[in-house]
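Reviewing the structure listed below.
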Amino acid sequence: MIVYRISAGSGSGRSIESSIPNVTIAPEKSITAKVPIVRSGHRSRATLCGTGDRRSEAMPVNLESSSAFADWLAPRIGAESVSVETTSTPSGGFSAETVMATVTAHRGDTAVAETYVLRLETPDPAVYPRQSSEELPEIEIQYRVMDAVRRNSPVPVAPLIGFESDATVIGTPFFAMGCVDGDVPRESPPYPTEGFFRTSTSSERRSMIMSGIDALAGVHRIDWRAAGLGWLEHDGVAPGTPTQLERWSRFAAAELRGRSHPLLEEAFEWLGRSLPVDSDIVLCWGDPRPGNIIYADGLPACVTDFEAACLGSPMMDLAWWLMFDRTMHELGAAEGAAHPRLDGDPDRDEQRKHYFEVSGRPEEDTGPHEVFAAARYAAIVTRVMNRLEERGQLPADSTIWRDNPASSCLGILLDEMRP
Numbered sequence: 000m001i002v003y004r005i006s007a008g009s010g011s012g013r014s015i016e017s018s019i020p021n022v023t024i025a026p027e028k029s030i031t032a033k034v035p036i037v038r039s040g041h042r043s044r045a046t047l048c049g050t051g052d053r054r055s056e057a058m059p060v061n062l063e064s065s066s067a068f069a070d071w072l073a074p075r076i077g078a079e080s081v082s083v084e085t086t087s088t089p090s091g092g093f094s095a096e097t098v099m100a101t102v103t104a105h106r107g108d109t110a111v112a113e114t115y116v117l118r119l120e121t122p123d124p125a126v127y128p129r130q131s132s133e134e135l136p137e138i139e140i141q142y143r144v145m146d147a148v149r150r151n152s153p154v155p156v157a158p159l160i161g162f163e164s165d166a167t168v169i170g171t172p173f174f175a176m177g178c179v180d181g182d183v184p185r186e187s188p189p190y191p192t193e194g195f196f197r198t199s200t201s202s203e204r205r206s207m208i209m210s211g212i213d214a215l216a217g218v219h220r221i222d223w224r225a226a227g228l229g230w231l232e233h234d235g236v237a238p239g240t241p242t243q244l245e246r247w248s249r250f251a252a253a254e255l256r257g258r259s260h261p262l263l264e265e266a267f268e269w270l271g272r273s274l275p276v277d278s279d280i281v282l283c284w285g286d287p288r289p290g291n292i293i294y295a296d297g298l299p300a301c302v303t304d305f306e307a308a309c310l311g312s313p314m315m316d317l318a319w320w321l322m323f324d325r326t327m328h329e330l331g332a333a334e335g336a337a338h339p340r341l342d343g344d345p346d347r348d349e350q351r352k353h354y355f356e357v358s359g360r361p362e363e364d365t366g367p368h369e370v371f372a373a374a375r376y377a378a379i380v381t382r383v384m385n386r387l388e389e390r391g392q393l394p395a396d397s398t399i400w401r402d403n404p405a406s407s408c409l410g411i412l413l414d415e416m417r418p
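Numbering-wise, this note's numbering puts 327 at position 328 of the sequence shown, and it's gapless, one number per residue.
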């Protein structure tokens, strides 16, 4: 999940981090999303970002002054010894769970500077509902899904170095992976408006979108049982859309905390009557969108962000992708204006058709699942805003949890689906 800085207005002078990929949260509250981690026109070393269910309360040690991490890393990268030279993190807020470590790796007579990325378990509550019945740290879940994708498909993921559950090494469980060079389409402001996606050629833009859908279909082709992903099932509960709908409905109700969100409540009631029967159960990526892909030469060099992975209908993922395409082109502007598609950027009908062609699946109506995607998005926004309020970074009377682009998108989709 790409993380964005949100500046709280009203003269507060404060800034907070939100993992909500959009531009304007609530104009009437003077809260706007600003700079994403990956800046326009820059090559980026990008990694997974996310949140989890079960977090260690321990804080990580200073990697540069501790030998424990260097001793842990050296044998895993084939080095006799390692010295940690520098570390950095995206600034503030939720993004503190990612650490970039530049090390000097000593192998024989050579010493090479290398950069690795750590994903840390933190005390923050999860942004997503738990999918596995196993009592696992969220980062272990993410690591195991990435490893399954790596071993069972050609879909590119970051090189995995290892997972460590022992909090004594750096103060919290973590996993490490290699850096991947490339470009990530920025979402704040939306990628059609500026950045490398806008300055790319028409053919490059088309390649990025369609190859991203190819990667999504590649994830869905994984035989999740043969890949050893049965642990994503809850004991005695059949995976699929009914399970996901019930899980997300309970999650949303818990996050509303008794507050009224008529649109979201209507959506879940409508979905209970309208979601189609599953044609298949697959490993779902959970958060597929161009902003979670690192591109090199117009093709995916690495797909990221499996913290929302689950077992479900492939339409859950395809609809999420299409729903975010809508937010980038129709809901991303602070003034509410649509962003016209650039040459080469395929429209949603083309993208939908391409998925069915490359996946070999019969075409389905994705409309009900797009409503479900927007409802999940709205529930996630509520969760994130609750976290910020608990930190004292939003006033208790804020209505951003309800009045935001996720809710706007949900309303538009519901209007389109109503008779």
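Where is the CB? At the ideal position from N, CA and C, for every residue including glycine.
With residue i as the anchor, note down where its alpha helix (DSSP H) starts and where it stops.
i	result
Leu135	From DSSP, Leu135 is part of no alpha helix (DSSP H); its letter is neither H nor E.
Val179	Note, Val179: premise wrong, no alpha helix (DSSP H); beta strand (DSSP E) at Val179 to Gly181.
Leu62	It is not in any alpha helix (DSSP H) - Leu62 carries neither H nor E in the DSSP assignment.
Val126	From DSSP, Val126 is part of no alpha helix (DSSP H); its letter is neither H nor E.
Ser486	What is shown of the chain runs 0 to 418, which leaves residue 486 out entirely.
Gly410	Pro404 to Met416
Thr192	It is not in any alpha helix (DSSP H) - Thr192 carries neither H nor E in the DSSP assignment.
Can you tell me whether residue i is helix, strand or coil according to DSSP?
i	result
Ala489	The structure shown does not extend to residue 489, since the chain is modelled only from 0 through 418, so no value can be given for it.
Glu363	coil
Arg118	strand
Glu232	coil
Thr171	coil
Ala225	coil
Glu186	strand
Leu341	coil
Trp319	helix
Val276	coil
Asp346	coil
Arg401	coil
Asp324	helix
Arg249	helix
Pro74	helix
Asp396	coil
Ser358	helix
Gly239	coil
Ser259	coil
Arg220	coil
Arg351	helix
Apart from the five residues just before and just after residue i, which ones in its own chain have a Cβ nearer than 6 Å to its Cβ?
i	result
Ala307	Tyr127, Gly285 and Asp286
His260	Arg401
Trp269	none
Gly297	Glu203, Ser206 and Met207
Tyr294	Gly181, Asp182 and Met207
Spatial neighbours of residue i within its chain, please: C-beta separation below 7 Å, excluding the five flanking residues on both sides.
i	result
Phe250	Pro128 and Ala378
Pro155	Pro299, Ala300, Cys301 and Val302
Arg417	none
His41	Note on His41: pLDDT 33, under 50, position unreliable in the model; the coordinate value appears next. Excluding positions up to five away in sequence, the list is empty.
Any idea if residue i is buried or exposed, counting beta-carbon neighbours within 10 angstroms, 16 or more meaning buried?
i	result
Trp247	buried
Trp230	exposed
Asn61	exposed
Pro189	buried
Arg256	exposed
Arg118	buried
His206	Per the sequence shown, residue 206 should be read as Ser rather than His. Under this definition Ser206 is a buried residue.
Thr415	The sequence given here has Glu at residue 415, not Thr. With fewer than 16 other Cβ atoms within 10 Å, it is exposed.
Thr192	buried
Glu120	buried
Arg204	buried
Asp218	According to the sequence shown, residue 218 is Val rather than Asp. With 16 or more Cβ atoms within 10 Å of its Cβ, Val218 is classed as buried.
Ala214	buried
Gly194	buried
Ser43	Only weak support is given to the placement of Ser43: the predicted model assigns it a pLDDT of 39, under 50, and the value that follows is read from those uncertain coordinates. With 16 or more Cβ atoms within 10 Å of its Cβ, Ser43 is classed as buried.
Ser312	buried
Glu137	buried
Ser90	Note that Ser90 scores a pLDDT of 45, beneath 50, so its modelled location is shaky; the value from the coordinates is reported in the next line. So Ser90 counts as exposed.
Glu389	exposed
From which residue to which residue does the beta strand (DSSP E) around residue i run?
i	result
His105	Thr97 to Arg106
Leu282	Val281 to Cys283
Bridge partners for residue i per DSSP, in chain order?
i	result
Ile292	Val302
Glu203	In the DSSP output, where bridge partners are listed per residue, Glu203 has none listed.
Phe162	Phe174
Val156	The partner list for Val156 (beta bridge, DSSP) is empty, contrary to what the question assumes.
Thr109	Arg106
Leu310	Leu282
If I measure Cβ to Cβ from residue i and keep anything under 8 Å in the same chain, skipping five residues before and after, which residues do I get?
i	result
Ser406	His260, Leu262, Leu263, Ala377 and Val380
Ala374	Trp247, Ala251, Leu263, Ala266, Phe267, Leu270 and Leu409
Leu310	Gln130, Trp223, Leu228, Leu231, Glu232, Pro238, Gly239, Ile280, Val281, Leu282 and Cys283
Arg150	Ala226
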